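Read the structure below first, then the notes.
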Amino acid sequence: MRWVNTKIGKKNILLLLYFMLLNFCIFAQDAGQELFMENLCHTCHGVQGKTIYPNYPNLAGHDAMYIRNQFLDIQSKNRKNGLTILMNTFPTISKIKPQEIHNIAAHLSKLP
Ligand code: HEC
7 MRWVNTKIGK KNILLLLYFM LLNFCIFAQD AGQELFMENL CHTCHGVQGK
57 TIYPNYPNLA GHDAMYIRNQ FLDIQSKNRK NGLTILMNTF PTISKIKPQE
107 IHNIAAHLSK LP
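In this note's numbering, the protein residues as written are 7 to 118.
What follows is the structure, encoded as structure tokens:
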């Protein structure tokens with residue numbers, strides 16, 4: 007039963023926690039990319055978050071919190087300006103859950 011006595015050490019535990027957190031962040035990003043495509047966000051905002059329509063906004067590289075908040079405001083119709091009606095009447099928008107927009111925003115914020 008030698009393995010029971012193995013000293014793990016504070017540094018290794020911190021390292022382990024760091025990698026667990028990193029994995030979680032990478033997972034959130036990948037899940038976000040899938041959700042972005044599955045929910046057809048890319049048809050208006052571009053596959054890389056850079057739109058091809060001059061009056062639709064780019065989403066790539068914005069702060070994740072900003073993307074999340076703007077999305078939730080448009081989804082809940084607290085934000086009703088410009089062309090938001092085009093987005094919030096699109097069938098996939100009302101189905102997005104808070105955890106999903108969290109993942110989508112994490113993905114978009116990492117794009118150049
Ligand atoms: C039918 C087209 C369309 C689809 C599909 C669409 N959007 Fe949009 N989105 C828009 C338009 C147009 C605006 C700009 C509204 C305005 O004029 O203020 C916008 C605005 C936004 C904004 C605010 C950007 C800013 O800088 O203020 C976010 C965030 C956003 N969309 C995220 C998403 C996400 C995430 C999805 C997929 C779940 C999605 N959109 C799907 C058309 C769309």
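All C-beta atoms, glycine included, are put in the ideal place defined by N, C-alpha and C.
These numbers were taken from a predicted model, which means no experiment stands behind them.
Query	Result
Per-residue DSSP class, three states only, for Pro104	helix
Asp69 versus Ile14, Asn109 and Pro97, residue with shortest Cα-Cα distance	Asn109
heavy atom of ligand 1 below 6 Å from Leu21 C-beta	no
Bounding residues of the alpha helix (DSSP H) (the contiguous stretch that carries His68)	From DSSP, His68 is part of no alpha helix (DSSP H); its letter is neither H nor E.
Three-state secondary structure assigned by DSSP to Lys16	helix
Thr57: first and last residue of the uninterrupted alpha helix (DSSP H) it sits in	Taken as a continuous stretch (DSSP letters only), Thr57 belongs to no alpha helix (DSSP H), as it is neither H nor E.
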